[in-house]
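So the sequence shown is numbered by the numbering used here: it starts at 2 and just counts up by one.
Here is the structure we will look at.
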Amino acid sequence: MSATTSAQPRQNWTVVIFGFLALSLAFSSRAALGLIMPVWQTEFGWTSSYISSVGAAALLIMAIVAPFAGRLVDRRGSQFTLNLGMGLLGVGCAIVALMNGKLMFVIGFAGFCAIGFGIVATHVVATAVTRIFSDNQGLATGIGTSGATGGQFLIVPLIAALLAFASWRWSFGALSLASLALIPCIRMSMRPDMSSNEAEGRKDDPSTMRQDFTSIVRQPAFHLLFWSFLICGFTTTGVVETHLLPFAAFCGFPPIPSATAYGLLSLVNLIGMIAAGWLTDRVNRPMLLAAIYMLRALTFILLGSIPGTSIEMLFLFAVLFGAVDYSTVPVTASLVASHVGIKTMGLAMGLISAGHALGGAMGAFAGGYIFTATQTYTLVWTGSVWLAVGAGALALFLKAHPITKAAAS
């Protein structure tokens, strides 16, 4: 009895640790697109609009995969799900590293990588953590999902260094090797965890995916969270993750300092996600979520004023935006568990994350299209201000429910 009791906390935190590492690699691979975009424009003659379109296609694939990935972590557990995603990501990055034309780029990045991104995603890690944590649930979710940005503090500058001193092929090759190397580590160190049915002592789940989907979409809280998270995707994954580094190049800033600023954003993002997770356990969560979106709107006003200034302004934006970037994730995950239901949390989070990916695709495409048409990002940043305000307003309509605790296993 005591052995089981003492082993469970170690297993809990193992999920958090490897969730963090997996997200670090997945999100760094996505960030590499924006970093290497100017190089591909010169080497292959590709336009910003074309590369952004491939990035948008990858996000659309992620949107399709996300609900199934959420269901998969419920059915097969986090170890199997993370390993599958890391394998697909490793293969996709290898294809991109070896590509010599548009077809291989599409297959590698918008194919294998995109499916891997959809599986190794914050909603998968958040669902896995929420399902096994009863105490400090928000904090654990914040730490686990902070790998989405925190790991990039070191990884993205390393990609930039490989880009500067070797080539972009070495950058994607290193991402491929690291992703594949994590698979045996997860398999050896993280035990296969129980599905939601096993945790509740049930042999069969009478509800189908279609029935659960119908139940979820009938809830008003789901729609408030879905549409606010879609806007979240537009204003983070879409316009900032894809276009911040090209915007920095447009402003005349060198690649390595710009990548360092992006890494700083990721570091502050890590702190912001952990702090938001800690606050999730302690304050009114709808008000917290609304405040994050409103503060994000203010940071876009700063971003729009950067052209013609020094690179220190880019670093200031990185600090301020990083604090309110992915800090929505632990709050949204907790609200999904309490307002939609922990039993169907994997599918619900997958659907909401699909909305995030869809918003990201819209932002990535719109940013590239607007820049190609106007040769400026002004409309992109102005639109993001008002979209973030709208997301904050949606969060205010959520009622204050108590936090839902994980079932005892």
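A virtual CB, placed ideally from N, CA and C, is assigned to each residue, including glycine.
Kindly indicate which three-state DSSP category residue i falls into: helix, strand or coil?
{"i": "methionine 63", "result": "helix"}
{"i": "threonine 5", "result": "A caution first: threonine 5 carries a pLDDT of 44, below 50, which makes its placement in the model unreliable, though a value can still be read off. In this structure, threonine 5 counts as helix in the three-state DSSP scheme."}
{"i": "arginine 283", "result": "coil"}
{"i": "proline 331", "result": "helix"}
{"i": "phenylalanine 366", "result": "helix"}
{"i": "cysteine 114", "result": "helix"}
{"i": "phenylalanine 318", "result": "helix"}
{"i": "histidine 124", "result": "helix"}
{"i": "lysine 103", "result": "helix"}
{"i": "cysteine 252", "result": "coil"}
{"i": "tryptophan 47", "result": "coil"}
{"i": "threonine 345", "result": "coil"}
{"i": "serine 229", "result": "helix"}
{"i": "asparagine 137", "result": "coil"}
{"i": "alanine 401", "result": "coil"}
{"i": "threonine 236", "result": "helix"}
{"i": "glycine 323", "result": "helix"}
{"i": "arginine 219", "result": "coil"}
{"i": "proline 185", "result": "helix"}
{"i": "threonine 377", "result": "coil"}
{"i": "serine 339", "result": "helix"}
{"i": "alanine 167", "result": "coil"}
{"i": "glycine 309", "result": "coil"}
{"i": "serine 208", "result": "coil"}
{"i": "glycine 351", "result": "helix"}
{"i": "glycine 78", "result": "coil"}
{"i": "serine 147", "result": "coil"}
{"i": "valine 55", "result": "helix"}
Using only the alpha-carbon positions, how far apart do residue i and residue j sit?
{"i": "cysteine 233", "j": "alanine 222", "result": "16 Å"}
{"i": "leucine 183", "j": "alanine 162", "result": "22 Å"}
{"i": "tryptophan 382", "j": "glycine 305", "result": "6 Å"}
{"i": "valine 121", "j": "glycine 46", "result": "31 Å"}
{"i": "alanine 179", "j": "leucine 245", "result": "25 Å"}
{"i": "serine 53", "j": "arginine 219", "result": "34 Å"}
{"i": "glycine 253", "j": "serine 311", "result": "9 Å"}
{"i": "glycine 139", "j": "tryptophan 228", "result": "22 Å"}
{"i": "glycine 273", "j": "threonine 142", "result": "12 Å"}
{"i": "alanine 1", "j": "glycine 364", "result": "Limits of the chain in this structure are 2 at one end and 410 at the other, which puts residue 1 out of reach."}
{"i": "glycine 342", "j": "serine 335", "result": "10 Å"}
{"i": "leucine 380", "j": "valine 66", "result": "30 Å"}
{"i": "alanine 32", "j": "proline 68", "result": "23 Å"}
{"i": "alanine 200", "j": "glycine 393", "result": "Its pLDDT being 49, under 50, alanine 200 is placed unreliably by the model, and the measurement read from it follows with that caveat. C-alpha separation (whole angstroms): 35 Å."}
{"i": "alanine 27", "j": "leucine 299", "result": "28 Å"}
{"i": "histidine 224", "j": "isoleucine 257", "result": "41 Å"}
{"i": "tryptophan 169", "j": "phenylalanine 118", "result": "20 Å"}
{"i": "phenylalanine 106", "j": "isoleucine 96", "result": "7 Å"}
{"i": "threonine 317", "j": "valine 332", "result": "The sequence shown places leucine at residue 317, not threonine. Each residue's Cα considered, the two are about 25 Å apart."}
{"i": "glycine 174", "j": "isoleucine 156", "result": "13 Å"}
{"i": "alanine 396", "j": "leucine 226", "result": "7 Å"}
{"i": "phenylalanine 235", "j": "glycine 356", "result": "10 Å"}
{"i": "leucine 73", "j": "valine 16", "result": "16 Å"}
{"i": "threonine 18", "j": "glycine 145", "result": "Before going on, a small fix: residue 18 reads as isoleucine here, not threonine. For isoleucine 18 and glycine 145, the distance between alpha carbons rounds to 6 Å."}
{"i": "alanine 8", "j": "glycine 347", "result": "Because alanine 8 sits at a pLDDT of 47, beneath the cut-off of 50, its placement in the model cannot be relied upon, and the following sentence gives the value as read from the coordinates. The straight-line gap from Cα to Cα measures roughly 25 Å."}
{"i": "alanine 64", "j": "alanine 349", "result": "13 Å"}
{"i": "lysine 103", "j": "threonine 243", "result": "19 Å"}
{"i": "leucine 296", "j": "valine 330", "result": "15 Å"}
Can you say whether residue i is buried or exposed, counting buried as having 16 or more other CB atoms within 10 angstroms of its CB?
{"i": "asparagine 101", "result": "exposed"}
{"i": "lysine 344", "result": "buried"}
{"i": "isoleucine 293", "result": "buried"}
{"i": "threonine 131", "result": "buried"}
{"i": "alanine 167", "result": "exposed"}
{"i": "serine 208", "result": "exposed"}
{"i": "threonine 237", "result": "buried"}
{"i": "leucine 359", "result": "buried"}
{"i": "arginine 283", "result": "exposed"}
{"i": "methionine 189", "result": "exposed"}
{"i": "alanine 165", "result": "exposed"}
{"i": "leucine 176", "result": "buried"}
{"i": "tryptophan 387", "result": "exposed"}
{"i": "arginine 211", "result": "exposed"}
{"i": "leucine 231", "result": "buried"}
{"i": "isoleucine 160", "result": "buried"}
{"i": "alanine 319", "result": "buried"}
{"i": "cysteine 186", "result": "exposed"}
{"i": "proline 247", "result": "buried"}
{"i": "alanine 401", "result": "exposed"}
Closest Cβ-Cβ distance between residue i and chain B: below 8 Å?
{"i": "alanine 365", "result": "The displayed structure is made up of one protein chain only, and chain B is not part of it."}
At a cut-off of 7 Å, is residue i close to the ligand ZN when judged by its beta-carbon and the heavy atoms of the ligand?
{"i": "threonine 261", "result": "Inclusion of the ligand ZN in the displayed structure is not the case, the ligand content being empty and no account of it being possible."}
- prompt: Is there contact between the segment 319-338 and the segment 264-277, where contact requires at least three CB pairs shorter than 8 Å?
  reply: yes
message: Taking contact to mean 3 or more Cβ pairs, one atom from each stretch, closer than 8 Å, check whether the segment 83-95 and the segment 104-116 are in contact.
response: yes
query: Is the segment 58-69 close to the segment 270-289, with three or more CB pairs under 8 Å?
result: no
- prompt: Between the segment 305-317 and the segment 272-279, do at least 3 Cβ pairs fall closer than 8 Å?
  reply: no
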